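The structure appears right after this line, and notes come after that.
Chains as they are written, first to last, in our numbering: chain A, 5 to 501; chain G, 74 to 379.
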């Protein structure tokens with residue numbers, strides 16, 4: 005046996021050393037997703053996996069460049085006639101993948117389709133401020149809004165343009181299974197639960213796509229995606245955990261691509277019920293939490309601490325409103341002043357949130373004298389309780405928020421405005437500021453309003469920002485790609501080295 | 074015999090209706106999917122609008138009766154999330170689960186039965202001492218862990234088998250082994266017990282006394298008689314394998330109904346979950362029914378006591 009052991013070790017090691025040369029010369033890019041796309045009709049779903057695939061099949065009215073600036077795509081230019089009327093001039097050289105031209109009629113059809121309640125698009129709320137849309141010239145479309153709405157363009161970044169004639173001809177179900185867009189890739193094959201194969205659109209107006217084919221595979225298990233990446237079965241792991249990212253750091257054939265996103269990890273503190281109704285208790289909680297320890301120990305450094313409940317990737321971020329410092333002694337003193345030492349709190353959570361972070365916060369709060377019970381429920385129940393009466397929403401809840409609009413309006417309005425379902429806090433001065441920022445078209449004034457709004461949130465502490473989350477992708481070393489804060493997955497911006 | 078079949082089919086229909094009713098109320102009472110579908114910044118009005126369009130604002134009993142009505146017309150409805158007919162979604166996944174279940178049954182039978190027979194024939198000897206830990210491991214290793222170990226060894230380290238996916242025969246091997254391990258252990262234990270039971274019967278002694286060789290006795294008589302309880306277990310195991318496939322399909326990215334069920338439960342895609350449960354219940358009940366009938370065919374005494 006002793007003599008056979010080296011042979012066994014050699015047999016186990018050789019395949020590692022002789023694995024085929026990866027990526028170089030490959031014509032197909034293979035991406036492992038955590039889920040299959042739910043739909044490929046871009047107006048039906050906007051979950052990350054669906055969006056990752058169909059955004060390469062379709063063009064949108066406007067888009068963001070790598071710096072996050074809103075730039076033309078189907079719309080070549082735009083201007084406001086008045087605060088509720090905006091005119092878009094369209095490009096003339098765009099063709100759908102079936103050869104027909106993309107016209108103003110397609111843009112109007114796309115907007116009317118997604119804003120029609122009977123179409124049942126979950127995205128309706130993002131475009132609900134649009135009152136009407138008309139063709140006002142051969143390449144011109146005019147939008148009329150119900151009220152002035154500053155984040156309109158940020159929302160239109162998510163509006164894909166679909167071909168009117170084709171959709172009307174084949175119907176919604178057929179369009180969902182066999183979509184046609186004007187983007188750099190066309191759908192070749194969709195095997196539900198297995199893979200989606202895209203082929204390059206050679207006639208794409210925006211240039212030659214970098215890979216002849218792209219395959220998106222449905223691989224739900226984190227460990228299996230990692231194994232696929234290691235064996236060369238996949239070129240990109242679209243959703244890597246911080247622990248797996250640390251694990252591949254030693255593999256010379258692989259690399260981690262990560263970027264800070266607009267997604268903000270936060271702690272909701274119920275200002276309308278129980279011991280946390282007292283602002284002193286809320287401040288004590290804010291001072292008991294060590295953000296840096298959470299980031300370094302539990303997120304392996306793949307996050308950045310934030311001072312407010314918004315990230316620098318969003319408009320409205322202000323750097324000079326301070327975070328409550330980590331100071332357990334001061335936190336304990338505040339609790340004593342509020343006669344709240346030993347108070348019992350409920351920490352509502354679901355499997356969608358990092359359990360380790362929940363437990364770390366529980367321990368940190370326990371250290372300053374609060375008794376925290378974790379109440380874990382499934383995600384739909386979690387959402388139902390969070391939006392329901394304050395008494396059922398828990399005293400604390402972890403959150404990971406992204407409006408996919410990179411604007412403070414999409415974060416602090418729904419979280420803290422008294423008219424929002426998620427808010428368990430009411431402050432008329434705060435409401436007035438965020439309402440004004442929503443309807444003002446003057447960026448300077450909006451920024452000033454948000455500055456004042458964040459100062460109020462700092463004082464009242466109905467929640468605190470914990471960290472700016474990172475998007476983490478595992479990839480072959482030869483892949484050249486710079487991920488962006490809006491987590492867009494544009495294959496057009498990738499290359500083999 | 075006909076009376077027995079009619080009675081069993083009637084019982085099966087009631088069981089399936091019961092399962093569907095329980096699943097319907099459990100799913101609906103734990104929250105509808107509207108909040109999962111809308112963007113986080115949707116207003117109360119917008120959420121109410123979508124909830125109304127999806128029909129979740131109707132009384133639960135009305136929704137339940139509408140569901141049963143559709144089901145009686147053999148209409149499984151349309152997926153809330155995928156926006157495709159549920160029947161089409163299910164039909165695209167069933168062949169993969171059938172393939173995997175068959176693969177697991179082959180693994181379980183090919184390894185489990187000889188292992189069980191060997192443990193009985195060499196009871197108390199070194200053969201049994203070697204085989205018992207293997208059977209125990211098959212029985213006690215959770216599939217989410219054994220699956221990852223298999224991927225690591227045969228996919229990553231040795232590079233012999235694909236780490237995920239459903240293309241080709243080689244992709245079927247690891248999921249079949251992972252899924253079949255528990256059934257293999259069950260078969261081995263049952264086979265051992267059945268064989269030991271048969272080996273102690275008088276007819277074995279009588280056959281040996283007539284001068285038949287031990288091998289001939291085992292092959293001609295003992296194995297045949299020991300097969301009767303195994304048939305029942307095998308039929309019941311088909312249902313268990315489908316339930317176990319939920320984990321295995323997720324680990325190996327195998328696109329069967331287990332993986333579909335996991336995703337649909339997370340999305341609260343009610344009609345898809347209900348259709349998966351309906352399918353698994355029908356398979357479970359039908360396989361039990363077939364086992365009962367096969368048993369009745371093999372053993373005439375059963376026919377007399379419906």
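Where a beta carbon is used, it is the ideal one built from N, C-alpha and C, also for glycine.
Note that this is a predicted model, so its numbers are computed, not measured.
Any C-beta of chain G under 8 Å from that of residue i
i, result
"residue 128(A)", "yes"
"residue 492(A)", "no"
"residue 223(A)", "yes"
"residue 198(A)", "yes"
"residue 267(A)", "no"
"residue 122(A)", "yes"
Alpha-carbon to alpha-carbon, residue j and residue i
i, j, result
"residue 237(A)", "residue 235(G)", "8 Å"
"residue 467(A)", "residue 497(A)", "37 Å"
"residue 19(A)", "residue 248(A)", "Reliability fails at residue 19(A), whose pLDDT of 41 lies under 50, so the model's placement of it is uncertain and no value is given."
"residue 506(A)", "residue 239(G)", "Coverage of chain A is limited to positions 5 through 501, which leaves residue 506(A) absent and any answer about it impossible."
"residue 287(G)", "residue 188(G)", "18 Å"
"residue 480(A)", "residue 252(A)", "11 Å"
"residue 180(G)", "residue 302(G)", "19 Å"
"residue 304(A)", "residue 250(A)", "7 Å"
"residue 105(A)", "residue 277(A)", "57 Å"
"residue 119(A)", "residue 173(A)", "20 Å"
"residue 329(A)", "residue 367(A)", "18 Å"
"residue 382(A)", "residue 106(G)", "12 Å"
Proximity test, Cβ basis, 8 Å: residue i and chain A
i, result
"residue 136(G)", "no"
"residue 223(G)", "no"
"residue 361(G)", "no"
"residue 172(G)", "no"
"residue 165(G)", "yes"
"residue 323(G)", "yes"
"residue 348(G)", "no"
"residue 156(G)", "yes"
"residue 312(G)", "no"
"residue 162(G)", "yes"
"residue 117(G)", "yes"
"residue 203(G)", "no"
"residue 104(G)", "yes"
"residue 114(G)", "yes"
"residue 328(G)", "yes"
Candidates the options: closest to residue i by CA position
i, options, result
"residue 222(A)", "290(G), 323(G) and 79(G)", "323(G)"
"residue 100(G)", "185(G), 341(G), 354(G) and 142(G)", "341(G)"
"residue 218(G)", "243(G), 241(G), 254(G) and 191(G)", "254(G)"
"residue 348(G)", "131(G), 83(G) and 158(G)", "158(G)"
"residue 294(A)", "182(A), 335(A), 206(A) and 316(A)", "335(A)"
"residue 318(A)", "63(A), 368(A) and 267(A)", "267(A)"
"residue 389(A)", "407(A), 88(A), 330(A) and 425(A)", "425(A)"
"residue 164(A)", "224(A), 198(A) and 62(A)", "62(A)"
"residue 194(A)", "155(A), 429(A) and 45(A)", "45(A)"
"residue 100(A)", "83(A), 90(A) and 78(A)", "78(A)"
"residue 360(A)", "478(A), 472(A) and 297(A)", "297(A)"
Beta-carbon spacing of residue i, residue j below 8 Å
i, j, result
"residue 476(A)", "residue 246(A)", "yes"
"residue 264(G)", "residue 185(G)", "yes"
"residue 112(A)", "residue 138(A)", "yes"
"residue 412(A)", "residue 454(A)", "yes"
"residue 173(G)", "residue 256(G)", "no"
"residue 451(A)", "residue 320(A)", "yes"
"residue 54(A)", "residue 326(G)", "no"
Simplified DSSP assignment, three categories, for residue i
i, result
"residue 298(A)", "helix"
"residue 425(A)", "coil"
"residue 76(G)", "helix"
"residue 488(A)", "coil"
"residue 321(A)", "coil"
"residue 265(A)", "strand"
"residue 478(A)", "strand"
"residue 202(G)", "helix"
"residue 176(G)", "helix"
"residue 206(A)", "coil"
"residue 242(A)", "coil"
heavy atom of the ligand PLP below 7 Å from residue i C-beta
i, result
"residue 251(A)", "Of ligands this structure carries none, so the ligand PLP is not represented either."
Between the region 218 to 243 of chain G and chain B, which residues of the former have CB atoms less than 9 Å from a CB of the latter, in chain order? The structure shown contains no chain B; the protein chains it does contain are A and G.
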